[in-house]
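First the structure, in the form of structure tokens, and then the observations on it.
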Amino acid sequence: MTLGDWVSDTRNRIRDDGVVGLRESGYELYLGGLRRINEFYPEGTNVYDREWDALILLDACRVDLMREVADEYPFLNRPDELVSVGSSSIDWMEGTFTDDHRDEMRRTAYVTGNPFSHRVLSERDLLRLDDVWRYAWDDDAGTIPARPVTDRAIAAGRETDADRLVVHYMQPHFPSVPDPLGGGMNSETLGEGAGWDSPWDRLRRGELTEKRVWESYRENLRYVLDDVSLLLENLDAERVVISADHGNAKGEWGVYGHPKVPIPSVRRVPWYETTAEDDGTHEPETERNVERGDIEEKLGALGYL
Numbered sequence: 240m241t242l243g244d245w246v247s248d249t250r251n252r253i254r255d256d257g258v259v260g261l262r263e264s265g266y267e268l269y270l271g272g273l274r275r276i277n278e279f280y281p282e283g284t285n286v287y288d289r290e291w292d293a294l295i296l297l298d299a300c301r302v303d304l305m306r307e308v309a310d311e312y313p314f315l316n317r318p319d320e321l322v323s324v325g326s327s328s329i330d331w332m333e334g335t336f337t338d339d340h341r342d343e344m345r346r347t348a349y350v351t352g353n354p355f356s357h358r359v360l361s362e363r364d365l366l367r368l369d370d371v372w373r374y375a376w377d378d379d380a381g382t383i384p385a386r387p388v389t390d391r392a393i394a395a396g397r398e399t400d401a402d403r404l405v406v407h408y409m410q411p412h413f414p415s416v417p418d419p420l421g422g423g424m425n426s427e428t429l430g431e432g433a434g435w436d437s438p439w440d441r442l443r444r445g446e447l448t449e450k451r452v453w454e455s456y457r458e459n460l461r462y463v464l465d466d467v468s469l470l471l472e473n474l475d476a477e478r479v480v481i482s483a484d485h486g487n488a489k490g491e492w493g494v495y496g497h498p499k500v501p502i503p504s505v506r507r508v509p510w511y512e513t514t515a516e517d518d519g520t521h522e523p524e525t526e527r528n529v530e531r532g533d534i535e536e537k538l539g540a541l542g543y544l
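240 is the number of the first residue of the sequence shown in this note's numbering; add one for each residue after it.
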């Protein structure tokens, strides 16, 4: 956004919302300043520079959130962390799937619930690219649930000879499947092109308490970790890593969510190593079906546009 765009948006906001609109524009100006110093933040570690057979990404998972629930899941017993290559999903994809790792990518299967994959990758870039969000989007939940991603990841593990498997869940990124805050995202909202009012934005405006947002965030993490547990019982992989593409800010530096800014709570992500063995306890139900819905609408619904 240019300064001219910001001035124009500010005028419209003040006209429509008065002081509230001015406050929102002030926040956007502040974020713009932070983005300009983003280049001075440590570059981060490309996951291809680490050893793993399967990488399970929990979208927008904070380090401290993972630590809160780690004792509930036996496979989360080797805590570590690293600095991500990005502060948003598209930053992570662009910083991970690079020309320097082209050969490794062609031996990688990527199963993803994150719609940004269409902006960065094509099927020719990888051994397998399974955009689960294209055909398993849940309008009622307003996101891509965990189970279709789990099913397709199990299928990829059994059907391909990939050297590496990346499984990208959409949780614990809001909306929270087990504990929605508000109406969430649905096809009606998508059709209006209105996007979605994130709980992080509502927290910033004082409409929700930090305790309430954190409870919903934590339940969404438990929801996806239950599926991770199922995946680990139906996948053969000697070295599995459970991590995240980026984290979230909950007020640090006056920032909420995960804009492209150099904040440790956004760039630091969990890194837990474990193993997986296919015991054959689950048969995948989700098959690749025809694409439905608009890509940009899905991104907007998740608060990305």
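Where is the CB? At the ideal position from N, CA and C, for every residue including glycine.
Note that the structure is a prediction, hence the values are computed from the model and not measured.
Alpha helix (DSSP H) containing residue i: first to last residue?
i    : result
W510 : Per DSSP, W510 belongs to no alpha helix (DSSP H); it is in the beta strand (DSSP E), 507–515.
P387 : 385–398
Y462 : 449–471
V359 : 356–359
D440 : 438–443
S328 : 328–335
Counting only beta-carbon separations shorter than 9 Å, does residue i have a partner in chain D?
i    : result
V505 : Absent from the structure is chain D; it holds one protein chain and no more.
Looking at residue i: is its Cβ nearer than 9 Å to the Cβ of residue j?
i    : j    : result
S328 : N353 : yes
T520 : E472 : yes
V302 : G490 : no
V463 : A293 : no
D484 : V508 : yes
L365 : R391 : no
P414 : T382 : yes
P417 : R444 : no
A394 : P523 : yes
H407 : T351 : yes
W510 : D319 : yes
P501 : L273 : yes
W492 : L304 : no
H412 : A299 : yes
K450 : G325 : no
With DSSP as the reference, label residue i as helix, strand or coil.
i    : result
H340 : helix
L321 : strand
P213 : A query on residue 213 cannot be resolved here, the shown segment of the chain reaching from 240 to 544 and no further.
Y495 : strand
D378 : coil
L420 : coil
Y287 : helix
T428 : The predicted position of T428 is uncertain, since its pLDDT is 39 and thus under 50; no value can be drawn from it.
A433 : Confidence in A433 is poor, its pLDDT being 39 and thus under 50, which makes the residue's placement too unreliable to answer from.
L404 : strand
Starting from residue i and walking both ways along the beta strand (DSSP E), at which residues does that stretch end?
i    : result
I295 : 293–298
V302 : Taken as a continuous stretch (DSSP letters only), V302 belongs to no beta strand (DSSP E), being part of the alpha helix (DSSP H) at 302–308.
E477 : 476–482
D369 : 367–370
T351 : 347–351
Throw me the rounded Cβ distance for the residue i and residue j pair, which I believe falls under 8 Å.
i    : j    : result
L562 : S482 : The structure shown does not extend to residue 562, since the chain is modelled only from 240 through 544, so no value can be given for it.
E343 : R403 : 7 Å
L360 : M332 : 7 Å
H512 : R457 : It is worth fixing the name first, because residue 512 is Glu in this sequence and not His. So it is not a contact: roughly 22 Å between Cβ atoms.
Y287 : R506 : Incorrect: roughly 18 Å between the Cβ atoms, too far for contact.
W291 : V480 : 4 Å
H357 : D370 : 7 Å
G496 : D436 : About 11 Å separates the two Cβ atoms, so there is no contact after all.
Q410 : A385 : 6 Å
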